[in-house]
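S.K.: This is the structure, below, for whatever I ask next.
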């Protein structure tokens, strides 16, 4: 054998070994890609189910928020009304205090009249309920 033929034979064997290793590598890569594809399909199905559940939950929360909106608005209105009532009570108290400062005997008389009227109204209500029973 000549040196050129020997070199060609060595090159052919090396090329054959390279092709075998590339073939083994490609087969392993194909198996790995198959496993990865199955895992990605499983994840995709699970994510679709999770998104469906999230949409259902979001719709449920939106419905409950719509039911709570009137309640929250009513509480805001009630808060505003209580604030106005508090302001009115303070105004009345200030008027009675200023009236008491100007005429100390008259303010006590007004408070006594208001208390007497409230007491008589309560007693009349109590008597009317007692006669109904």
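Numbering (the working numbering), first residue to last: -7 to 125. C-beta atoms are modelled at their ideal positions from N, C-alpha and C, and glycine is treated no differently.
(1) Give the straight-line distance between the Cα atoms of residue 97 and residue 116, rounded to the nearest whole angstrom.
(2) Looking at the structure shown, is residue -6 part of a helix, part of a strand, or coil, going by DSSP?
(3) Enumerate in chain order the residues of its own chain whose CB-to-CB distance from residue 109 is below 6 Å, with the five nearest sequence positions on each side excluded.
(4) Could you give the distance in angstroms between the alpha-carbon of residue 53 and the alpha-carbon of residue 72?
(5) To the nearest angstrom, how far is the alpha carbon of residue 39 from that of residue 28?
(6) Taking only the alpha-carbon atoms, compute the straight-line gap between residue 3 and residue 14 and give it to the nearest angstrom.
(7) Is the shortest distance between the beta-carbon of residue 7 and the beta-carbons of chain C less than 9 Å?
M.R.: With the structure as the only source:
(1) As a first step, residue 97 must be located in the chain shown, where it is residue number 105. As a first step, residue 116 must be located in the chain shown, where it is residue number 124. Low local confidence applies: a pLDDT of 48 at residue 97 is under 50, so the model's placement there is unreliable, with the coordinate-based value given in what follows. For residue 97 and residue 116, the distance between alpha carbons rounds to 29 Å.
(2) Here residue -6 corresponds to residue number 2 of the chain shown, with the count starting at 1. Assigned with DSSP and collapsed to three states, residue -6 falls in coil, not helix or strand.
(3) Along the chain shown, read from residue 1 onward, the residue named residue 109 stands at position 117. A distance below 6 Å between beta-carbons, with the five flanking residues on each side excluded, links residue 109 to no residue of its chain.
(4) In the chain shown, residue 53 corresponds to position 61, counting from 1. In the chain shown, residue 72 corresponds to position 80, counting from 1. Each residue's alpha carbon lies about 28 Å from the other.
(5) Translated into the one-based positions of the chain shown, residue 39 becomes position 47. Translated into the one-based positions of the chain shown, residue 28 becomes position 36. If you take the alpha carbons of residue 39 and residue 28, they lie about 16 Å apart.
(6) Within the chain shown, numbered from 1, the residue matching residue 3 stands at position 11. Within the chain shown, numbered from 1, the residue matching residue 14 stands at position 22. Distance between the alpha carbons of residue 3 and residue 14 is about 16 Å.
(7) Looking at the structure shown, chain C is missing, and only one protein chain is on hand.
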